[in-house]
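Step one of this worksheet: look at the structure below.
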DNA sequence: TCATTAAAGTTAT
DNA sequence: ATAACTTTAATGA
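Residue numbers (our numbering): 3 to 200.
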């Protein structure tokens, strides 16, 4: 969790509820709130001209959404969409910035949060340029696994659908499936009724 | 080699 | 039930 729940509520944050596929914000809007997930999952995405979806980030409980836009005078370059029922704490930009000014510890946590997302972006930016689909998927899965507690081989279940992995890497689903099968053949991962163990 | 299209099977809502 | 996801196969850049 980036900011303590109580602190946020004391600062004036309220809980908003969202249903699956509901937009939290959309591309082009200006950022007026700080959002932090209490429960549920959220994706940040874009669509290209042909309608193909690209997923920027997948977020879960404790993560904040689009916080970097609160520090620059720009509109959102992507959408934030609830993947399931979500409870999200929201605090106005003004109150959020005031909270940071008077609380260095929270400010530090915010830096950590933004840096973590930047780290992911840096890894993926390089990844997207690499040609090989297996390398792209390996990089993505290594990153996901780095959050898992257990380090044993084939114990971490990738919490993504193949469709999501395709949208995260810019590959098409069919290529993801073929690449994963190849990796399974090469003993890089295990599969258990569709679930990927890495 | 990978994307695209199509078609069919499977899972989740 | 219906939509979303998975898989296989054929074709083309």
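Glycine included, each C-beta is placed from N, C-alpha and C at the ideal position.
- Less than 9 Å separates the beta-carbon of residue 33 from that of residue 68.
- Separation of residue 112 and residue 187 (C-alpha to C-alpha, rounded to the nearest whole angstrom) is 42 Å.
- Residue pairing of residue 59 in beta bridges, as defined by DSSP: 46.
- Note that the segment 110-130 does not touch the segment 11-24; fewer than 3 beta-carbon pairs, one per stretch, sit closer than 8 Å.
- One alpha carbon belongs to residue 144, the other to residue 37, and they sit about 27 Å apart.
- Separation of residue 55 and residue 156 (C-alpha to C-alpha, rounded to the nearest whole angstrom) is 29 Å.
- A contact between stretches requires three or more CB pairs, one per stretch, nearer than 8 Å, and the segment 18-25 meets this requirement with the segment 73-89.
- Within the model, the alpha-carbon separation for residue 138 versus residue 189 is close to 17 Å.
- The beta-bridge partner set that DSSP reports for residue 83 consists of 25 and 45.
- One Cα belongs to residue 136, the other to residue 185, and the distance between them is close to 7 Å.
- Per the C-alpha coordinates, the member of 149, 29, 158 and 94 positioned closest to residue 49 is 29.
- Closest in alpha carbon position to residue 200, among 77, 151, 58 and 172, is 151.
- Distances from the CA of residue 40 to each of 140, 180, 114 and 7 were compared; the closest alpha carbon is that of 7.
- Just so you know, the alpha carbons of residue 175 and residue 181 end up roughly 10 Å apart.
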